[in-house]
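The block underneath contains the structure these notes are about, expressed in structure tokens.
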Ligand code: FES
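Residue numbers (the numbering used here): 8 to 143.
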């Protein structure tokens, strides 16, 4: 019976970057259509780089672990590099997820894109050509 990898368990038990950023430059909130769970992500942007990122979720353990890993992978990266991060890469970095939990990893990717969209909107830039369409 496939359970969670050690990395998933470790990020679930000790999630990185949990919380809120009061003066965030972008905030994204998305829901998972499959289960109804929600995820909120906050980013700080300096010189085109994501200098800080935090998240809060009403999601399952897999959502917590993937968000924790995703925030670790985008922190300090340029926005364009962060946008290249896929949920597949996050799942690989966690040594996999059970198939039935793969949809949970989409929440982190979508929340990050939504936060970046919000950042562009606040700066008077249409995010859609850069970030693509976000399902909220
Ligand atoms: Fe909802 Fe995992 S079951 S995010």
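We put the CB at the ideal spot given by N, CA and C, even for glycine.
Between residue 56 and residue 139, the alpha-carbon positions lie close to 19 Å from each other.
Counted as a single uninterrupted DSSP element, the alpha helix (DSSP H) harbouring residue 73 occupies residues 68-81. DSSP, read as helix, strand or coil, puts residue 53 in strand.
For residue 62 and residue 116, the gap between their C-alpha atoms comes out near 12 Å. If you ignore the 5 residues before and after residue 85, its C-beta comes within less than 6 Å of the C-beta of 55 and 56, all in its own chain and listed in chain order. Shown here, residue 59 sits in a strand according to DSSP, grouped into three states. Short of 8 Å from the beta carbon of residue 97, and not among the five residues preceding or following it, lie these beta carbons of its own chain, in chain order: 73, 76, 77, 80, 112, 115 and 116.
For the pair residue 52 and residue 83, the CB atoms are not nearer than the 8 Å cut-off. DSSP, reduced to helix, strand and coil, places residue 37 within a strand of the structure shown. In this structure, residue 39 has its CB closer than 7 Å to one or more heavy atoms of the ligand FES.
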